[in-house]
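Going letter by letter, the sequence shown gives residues -23 to -1, 1 to 261 in mature numbering (1 follows the signal peptide of the UniProt record, and there is no 0).
Encoded as structure tokens, the structure appears first; notes follow it.
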Amino acid sequence: MKKLPLKIALLFTVFMASTSLFAQDFQGKAYYMSKTTVDLDQFGGQDMSAERKKQIQERMKSFLEKEYTLTFTKSESIYKEEEKLEAPGAGGGRRGFGGSFTGGPKYKNVQTKEVIQNQEFFGKQFLIKDDLKNLEWVMGTETKKIGQYTCFKATATIVPTGVDFRSFRGPRGGGDKDKKKDSTATAPKTIDVVAWYSPQIPVNQGPDDYWGLPGLILEVNADRTTILCTKIVLNPAEKETIDKPKKGEEVTQAEYTEITTKKMEEMREMYGGRNGRGGGRGRN
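Given below as structure tokens:
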């Protein structure tokens, strides 16, 4: 029974000690590593050897393991993927199938409650503009250190937006019944999220879609993805301009989800037809 008041006291003390360090023109930059795991069985890989699965996962590594930067003030932030050169012969990156699910810069404003993101989907540029959704965080009392920062745990349950590449599944060679089952497979309806935030950096910003806690979010665990902060620079000598993304056809998140879902259904049908009926030879 004594632990809860002690944790709250610690949170309050850290928060009060930190707020005096942040002037109105405060800016920071956080560096994150993102890693996603994939169950290849979802892609028809049940009969693959362990060696073959390992080879495929290595080729997907540049797509599943990425580095980002979050430049933030008290009210605004922009989350960008760090560009890096691919090793010769490496698959993945922004090209090909996986590149169509890689988001561009994401801008968030926690005061005006707006989120704007550039997104390329199969060669077409979109500008997704929507309201910044509140996350129903459940504040915990558990703490841990990430680097030099004391972090507190918070959890939430969210409904994923957009199309996740993991929702794409090819046929498994079991006939029309199995094809129908695969074609209706979807991403999870909800995802449990665990976040770790530090009140030593008293801004309610965070990587990707995550925000709304009394401190910068340094780690996120959601479904098969982990996002971990590896470096923080506060009040750099040269501040960056946080610009809103502007390029692309303007759509809401709901409209973009509808467009991409329709395209994915077309791909499922095409992929299933080629593998189940000899590439569609019987078409007129």
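We treat Cβ as the ideally placed atom computed from N, Cα and C, and that holds for glycine.
Model, not experiment: these values are computed from the prediction.
Lys221 and Lys121 have their alpha carbons spaced roughly 34 Å apart. Membership of Trp173 in the beta strand (DSSP E) is indicated by the continuous run Ile168 to Ser175. In the DSSP assignment, Ile93 falls within the beta strand (DSSP E) that extends over Glu91 to Phe98. In the structure shown, Ile236 falls within a helical segment according to DSSP collapsed to helix, strand and coil. Looking from the CA of Thr46, the closest CA among Thr127, Phe40, Thr237 and Gly81 belongs to Gly81.
Less than 8 Å divides the Cβ of Val197 from the Cβ of Val170. Following the DSSP letters along the chain, one finds Ser52 in no beta strand (DSSP E), marked with neither H nor E.
Contact between Tyr84 and Ile55 holds, with the beta-carbon distance rounding to 5 Å and staying under 8 Å.
With 16 or more other Cβ atoms from the protein chains shown falling within 10 Å of its own Cβ, Thr48 counts as buried. A residue is called buried once 16 or more other Cβ atoms fall within 10 Å of its Cβ, and Lys43 is buried on that count. Per DSSP, the continuous beta strand (DSSP E) segment holding Asn198 begins and ends at Leu193 to Ala199.
In this structure, DSSP gives Glu243 a helical state, which the three-state scheme calls helix.
Under the 10 Å beta carbon count, Gly124 is surrounded by fewer than 16 other beta carbons and is classified as exposed. Between Pro191 and the set Lys239, Gly117 and Lys223, the nearest pair of CA atoms involves Gly117. DSSP places Ile209 inside the beta strand (DSSP E), whose first and last residues are Thr202 to Leu211. In this model, Ala214 and Asp2 are separated by some 12 Å (Cα to Cα). By the C-beta density criterion, Val115 is exposed, having fewer than 16 other C-beta atoms within 10 angstroms. In this structure, Val87 sits away from Asp107, with a CB-CB distance that is not shorter than 8 Å. As computed with DSSP, Asp107 is found in a beta bridge with Val92. According to DSSP, Tyr9 shares a beta bridge with Tyr45 and Cys206. Apart from sequence neighbours up to five positions away, the residues of its chain that approach Gln4 with a beta-carbon distance below 6 Å are Thr50 and Lys216, ordered along the chain. A residue is called buried once 16 or more other Cβ atoms fall within 10 Å of its Cβ, and Met247, having fewer, is exposed. As a beta-bridge residue in DSSP terms, Ala131 pairs with Met116 and Ala172.
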